[in-house]
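The opening residue of the sequence shown carries number 1 in the UniProt record's numbering; numbering runs sequentially from there. We treat Cβ as the ideally placed atom computed from N, Cα and C, and that holds for glycine. Remember, it's a predicted structure, so these values are computed and weren't measured experimentally.
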Amino acid sequence: MKVYSFPPISNKNSKILILGTMPGITSLELNQYYGHPRNAFWKLLFEIFNEPFSTDYEIRKKMVLKNNVAIWDVLQACVREGSLDSAIEQEIPNDFTNFLNEHPNIDTIVFNGQKAAKFFQKYVKVSKTIQYVNLPSTSPANAGISFDKKLEEWRKFFN
């Protein structure tokens, strides 16, 4: 089945771009980045930015923008059955040239998992002026790493 990513959550003040690979089924159904309730993404960011946790998607989006963070996915579209990155085929990358030109303050790209980094490296010309950081995937499929360990790794970067 062909699936499509969402538009980015970003503004002109964004300095850090967090990239996933492609939204999973639950996220697509909810039309929300990291919509699966077991995905640690939002819980991690609220914790890191010392904000009271909320399940309200509008509050989540405002929180990341307030902290100069943008969210997007490496892929614009792909063929995939289920939610696993390992099932992705016929991928089409997002247009990072235009995105980065429109967001000149972005100086760091954070990959939410190794697969996002691999697809980015496959399709996007790397800029020497941007810092690239690989962090553990927040996906529930990355069950081999505890929430506390994910938080520790993500916090190291953001602090």
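Original post:
At which residue ranges does the stretch 69–117 contain complete beta strand (DSSP E) runs of 3 or more residues, listed in the order of the chain?
Top reply: 69–73, 75–79, 89–93, 108–112
Original post:
Looking at C-alpha atoms only, which residue of S14, E152, T21 is the closest neighbour of S83?
Top reply: Translated into positions along the sequence shown, residue 83 becomes position 83. Measuring from the Cα of S83, the nearest candidate turns out to be T21.
Original post:
K12: buried (16+ other C-beta within 10 angstroms of its C-beta) or exposed?
Top reply: Locating residue 12 in the sequence shown gives position 12, where the first residue counts as 1. Looking at its Cβ environment, which holds fewer than 16 other Cβ atoms inside 10 Å, K12 is exposed.
Original post:
What do you get for A87, buried or exposed, if any count of 16 or more other CB atoms within 10 angstroms of its CB means buried?
Top reply: Working through the sequence shown from its first residue, we reach residue 87 at position 87. Exposed, by the Cβ-count rule.
Original post:
What is the DSSP secondary structure of K2, counted as helix, strand or coil?
Top reply: Along the sequence shown, one-based indexing puts residue 2 at 2. Three-state result, K2: strand.
**OP:** Could you tell me how far apart the beta carbons of I106 and L17 are, in whole angstroms, since I believe they sit closer than 8 Å?
**Re:** Your numbering for residue 106 matches position 106 in the sequence shown. Your numbering for residue 17 matches position 17 in the sequence shown. Rounded, the Cβ-Cβ distance is 5 Å, consistent with contact.
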